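One structure below.
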Amino acid sequence: MEPKSTFWKRIGLQDWFLPNGKPVNEEAVKIKALTPDDVYLYIIEKFKESIKQLSFADRVVFYHEFIISFNEEDYQDFVNNRSGLFGIIVNESVKKFYELLREYQEVGKKVEPSSSKWVFRLVSHPDYKRGDKGFIGKLLPGTSNKKEENLRVTFIPRQTGVAQTLDISNEVLKGFTYYSEGYYELPYANDLHYNEKDVAKPGTKVLARLETIMPDKQFVGRKVEYLVKDDDIVVSGNDEERDEQAVFKVPSEWVNTPHLRIRLNKADGKFYLASFGERTLINELEVAGSDVNSPQWVELPFNSRILLNGIVGINIFKPEP
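Residue numbers for the sequence shown follow our numbering, beginning at 595 and rising by one.
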């Protein structure tokens with residue numbers, strides 16, 4: 595079997611990051627833990643770069659969506675040991691964005707947004723090493739129904755510490771792991787002043803918690819958690835192209851695309867499930883498959899165990915108080 599290509603090979607950067615394609619001696623690389631200031635300054639740096647790259651004449655143009663990527667362990671250090679810091683970093687970053695934009699406006703530049711909101715997605719990737727970080731910027735978030743151009747991406751590998759920038763296809767994004775904890779959306783303030791009252795993550799009320807156990811090598815012994823914040827969500831597999839909050843992409847080849855739809859019936863306060871995958875069991879009882887356009891619903895009680903294709907397990911729990 596042909597060995598699986600790494601993320602760096604797929605985008606043609608293997609030789610840039612690893613001299614002659616050979617692994618770097620890990621002991622020779624001193625790994626410095628990422629700090630909140632590292633993340634904040636990185637976001638500001640990329641925002642400034644976007645202005646330089648996109649602006650023209652007297653018009654100031656900038657990215658509205660920011661995908662900041664880390665190594666999985668670095669990411670989990672923030673989520674598990676520094677809970678809430680990502681949100682604070684995002685809010686402080688937007689404050690700084692407005693400060694910089696006001697400076698352009700004061701010298702007569704035309705500052706007009708290309709979108710009505712800011713979107714931040716803090717993600718991880720299994721091919722990133724400790725200390726690696728990357729940036730992907732988008733001009734118009736929320737336009738997945740339109741044909742998207744290649745994305746401008748910047749990587750800073752820990753081996754060299756030297757930034758490399760290039761264009762990549764949207765296909766590359768399928769390799770990233772998205773978490774509900776890392777999604778932040780803020781409205782754009784036309785007066786360029788940050789308003790604390792406007793800051794909120796969409797669907798902040800947690801309705802349920804899904805906990806997934808996967809056999810895939812990079813997740814052995816670990817769990818992926820998804821917080822249900824929408825009345826109607828989709829559970830899908832590796833081939834899923836959507837990255838909306840209401841889509842739980844399970845990073846496993848053993849999950850169909852889509853595989854499940856889970857919705858909350860407000861009338862009785864209960865969750866219900868419809869299966870579109872090859873095989874689904876709830877508490878060891880098989881669920882009849884149905885068509886995506888004509889779902890057949892079965893009740894999904896809390897503390898149930900869902901098994902997808904006999905391989906991937908998902909548990910549903912009540913949200914923590």
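Cβ coordinates follow ideal geometry from the N, Cα and C atoms, glycine included.
This one's a predicted model, so the numbers in the text were calculated from it and none came from an experiment.
Contacting residues, own chain, Cβ-Cβ under 8 Å from residue i (five flanking each side not counted)
i      : result
Ile827 : Ala840, Val841, Phe842, Arg855, Ile856, Arg857
Thr851 : Ser830, Gly831, Asn832, Asp833, Glu834
Tyr692 : Ala783, Leu786, His787, Tyr788
Lys860 : Asp825
Pro809 : Ser846, Trp848, Ile905, Val906
Leu648 : Val655, Phe656, Tyr657, Leu733
Expected contact under 8 Å - CB spacing of residue i and residue j to nearest Å
i      : j      : result
Ala868 : Ser884 : 6 Å
Val844 : Val822 : Going by Cβ atoms, the distance from Val844 to Val822 rounds to 14 Å, so no, they are not a contact pair.
Val849 : Tyr866 : So it is not a contact: roughly 19 Å between Cβ atoms.
Tyr722 : Phe664 : 6 Å
Lys689 : Leu780 : The Cβ separation is near 10 Å, so there is no contact.
Leu901 : Leu875 : 4 Å
Leu804 : Tyr778 : Their Cβ separation, rounded to whole angstroms, is 20 Å, which puts Leu804 and Tyr778 out of contact at 8 Å.
Unbroken beta strand (DSSP E) run spanning residue i, endpoints
i      : result
Arg803 : 802-807
Gly681 : Taken as a continuous stretch (DSSP letters only), Gly681 belongs to no beta strand (DSSP E), being part of the alpha helix (DSSP H) at 679-700.
Tyr777 : 777-781
Ala868 : 864-869
Pro905 : The amino acid at residue 905 is misidentified as Pro; the sequence shows Ile. Looking at the DSSP string, Ile905 is not in any beta strand (DSSP E), and its letter there is neither H nor E.
Asn897 : It is not in any beta strand (DSSP E) - Asn897 carries neither H nor E in the DSSP assignment.
Leu858 : 854-859
Residue span of the alpha helix (DSSP H) that contains residue i, given as start and end
i      : result
Tyr820 : It is not in any alpha helix (DSSP H) - Tyr820 instead sits in the beta strand (DSSP E) that spans 817-822.
Ser644 : 630-648
Residues near residue i by beta carbon distance below 6 Å, same chain, minus five either side
i      : result
Val818 : Thr806
Val886 : Phe870
Lys640 : Phe729
Pro707 : Tyr782
Arg696 : Leu786
Lys912 : Phe896
Val633 : Ile683
Val705 : Val654, Leu695, Tyr698, Gln699
Gly904 : none
Tyr669 : Ser718
Leu607 : Low confidence applies to Leu607: its pLDDT is 47, below 50, so where it sits in the model is not reliable enough to give any reading.
Val881 : Ser869, Thr874, Val892
Ser644 : Phe656, Tyr657, Gly731
Leu628 : Asp668
Sequence-distant residues of the same chain with beta carbon closer than 7 Å to residue i, five excluded per side
i      : result
Asp785 : none
Gly776 : Phe680, Arg715, Leu716, Val717
Arg899 : Asn877, Gly907, Asn909
Ser687 : Tyr634, Ile637, Ile638
Glu667 : Arg724
Phe672 : Leu679, Phe680
Glu872 : Asn850, Asn903
Asp862 : none
Lys703 : Asp652, Val654
Lys864 : Glu893
Interface flag, residue i vs chain D, CB-CB below 8 Å
i      : result
Asp652 : Although the question refers to chain D, the structure presented lacks it and comprises just one protein chain.
Paired residues, beta bridge with residue i - DSSP
i      : result
Leu879 : Ile876
His919 : What the structure shows of the chain is the stretch from 595 to 915, and residue 919 is not part of that stretch, so it cannot be assessed.
Lys843 : Ser830
Arg724 : Per DSSP, none; premise fails for Arg724.
Val654 : Val705
Lys711 : Pro781
Val892 : Leu867
Leu901 : Leu875, Gly907
Asp585 : In the structure displayed, the chain extends from 595 to 915; residue 585 sits before or after that span and is not available.
Touch test, the segment 831-840 against the segment 887-897, Cβ-Cβ under 8 Å, three pairs minimum: Segment contact: the segment 831-840 against the segment 887-897, fewer than three CB-CB distances shorter than 8 Å; contact not assigned.
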